[in-house]
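Numbering-wise, the numbering used here puts 610 at position 28 of the sequence shown, and it's gapless, one number per residue.
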Amino acid sequence: MTRTDPTTIEGVAPSRFPGLLAALWRRQGWTVAPTGLEDDVYVASRRTETGGEERRALFAAYRSPGDAVDAATVRDRAAVDLGPDGTTLATNAGFSPDATGMAAAHGVDLVGPDDLARLVDALDARALLGRPDATSEPS
């Protein structure tokens with residue numbers, strides 16, 4: 583099987599990136615709902631093995647290819663109080679070294695284009711990359 587190239591993730595249109603991210607999380611068993619704050623902010627929840635519920639803030643940080651997410655963006659997203667069990671910040675373009683340090687300091691999980699490409703392959707979700715509206719994936 584051919585692997586998804588991270589540059590394919592980097593090249594996803596800005597308007598499609600949040601929907602792609604939501605669709606990938608849904609395929610992992612999460613319920614994903616917009617927060618109403620911005621188009622790129624979601625709350626993702628799922629049942630845990632013990633019967634509880636895990637809730638995470640899920641942010642889609644689109645950047646032009648080659649333009650990494652910086653520490654200020656990570657800090658600002660970590661400060662958004664959605665009451666979740668954690669925060670995940672995903673991008674199509676990567677993270678600056680300062681951003682990774684900021685994420686570690688604030689407990690933010692970072693998901694870059696390499697991670698997303700591996701996730702697309704693991705979920706057999708390559709068809710989502712060619713969809714004009716990845717948000718039409720059933721929840």
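Think of the CB as a built atom: it goes at the ideal place given N, C-alpha and C, for glycine as much as any other residue. All values reported here derive from a predicted model rather than from experimental measurement.
- Secondary structure of Asp-587 (DSSP, three-state): coil.
- Selection Gly-689, Phe-599, Ala-642, Asp-697 evaluated against Ala-661 yields Gly-689 as nearest (Cα-Cα).
- Beyond the five residues adjoining it in sequence on each side, Arg-657 comes within less than 8 angstroms, by CB distance, of Met-684, His-688 in the same chain, given in chain order.
- When beta bridges are read from the DSSP output, Leu-692 appears opposite Leu-671.
- Phe-599: not part of any beta strand (DSSP E); member of the alpha helix (DSSP H) spanning 599-609, first to last residue.
- When C-alpha distances from Pro-596 are compared across Ala-639, Thr-613, Trp-612, Asn-674, the shortest belongs to Asn-674.
- With 16 or more neighbouring CB atoms inside 10 Å of its own CB, Asp-622 falls in the buried class.
- For Leu-640, the enclosing beta strand (DSSP E) covers residues 635-643.
- For Ser-678, DSSP assigns no beta-bridge partner whatsoever.
- Just so you know, the alpha carbons of Ala-604 and Thr-617 end up roughly 12 angstroms apart.
- For Ala-704, the closest C-alpha among the options Glu-592, Gly-593, Arg-637, Arg-609 is that of Arg-609.
- Within 10 angstroms of the beta-carbon of Ala-709 lie fewer than 16 other beta-carbons, which makes it exposed.
- Taking C-beta atoms under 8 angstroms as the contact rule, Ala-653 and Asp-680 qualify, at a distance of about 4 angstroms.
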